[in-house]
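Novice:
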Amino acid sequence: MGAPLPAPSHQLKVPVVRRSVYTLYLEQATPQHTFIHCDVHHPWSGRVKRQLAADFEALKALHGGPLYALHERGDTKHSKFLAMFGFRWAASFVDHHHRHMEVHQT
Numbered sequence: 061m062g063a064p065l066p067a068p069s070h071q072l073k074v075p076v077v078r079r080s081v082y083t084l085y086l087e088q089a090t091p092q093h094t095f096i097h098c099d100v101h102h103p104w105s106g107r108v109k110r111q112l113a114a115d116f117e118a119l120k121a122l123h124g125g126p127l128y129a130l131h132e133r134g135d136t137k138h139s140k141f142l143a144m145f146g147f148r149w150a151a152s153f154v155d156h157h158h159r160h161m162e163v164h165q166t
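Start counting the sequence shown at 61; every next residue gets the next number (the working numbering).
1. Among the residues of its own chain, which have a CB less than 7 Å from the CB of residue 106, if the five just before and after it don't count?
2. Which residues share a DSSP beta bridge with residue 152?
3. Can you check whether the CB of residue 149 is closer than 8 Å to the CB of residue 160?
4. May I have the straight-line CA-CA distance separating residue 78 from residue 84, to the nearest angstrom?
5. Going by the beta-carbon positions, is the gap between residue 123 and residue 94 smaller than 8 Å?
6. Using only CA atoms, which one of 104, 162 and 116 lies nearest to residue 152?
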């Protein structure tokens, strides 16, 4: 029996960088739009930031970009995180839960 196949127009988040302190995932939302996700597993520090920045730069170079990130308007901590890694606002929308969301891109 083969593995189940995802829907052709959307794929799940795939972990592409696994570190003990964070995980980076890519999600191919459409053929032209790749979203990035990041889970930080340990307290934030300068060392974590430097390691994440190096991995993020390598991932961007390998992917070829652009990369997109979802952001819930009003989340100032996430907004600072996105700005730190060079993301800029690209679009706004209201999701099916009536939340004001933004798309940012590198």
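Glycine included, C-beta positions come from ideal geometry on N, C-alpha and C.
Specialist: In brief:
1. none
2. 162
3. Cβ distance not < 8 Å, so residue 160 and residue 149 don't count as in contact.
4. 7 Å
5. yes
6. 162
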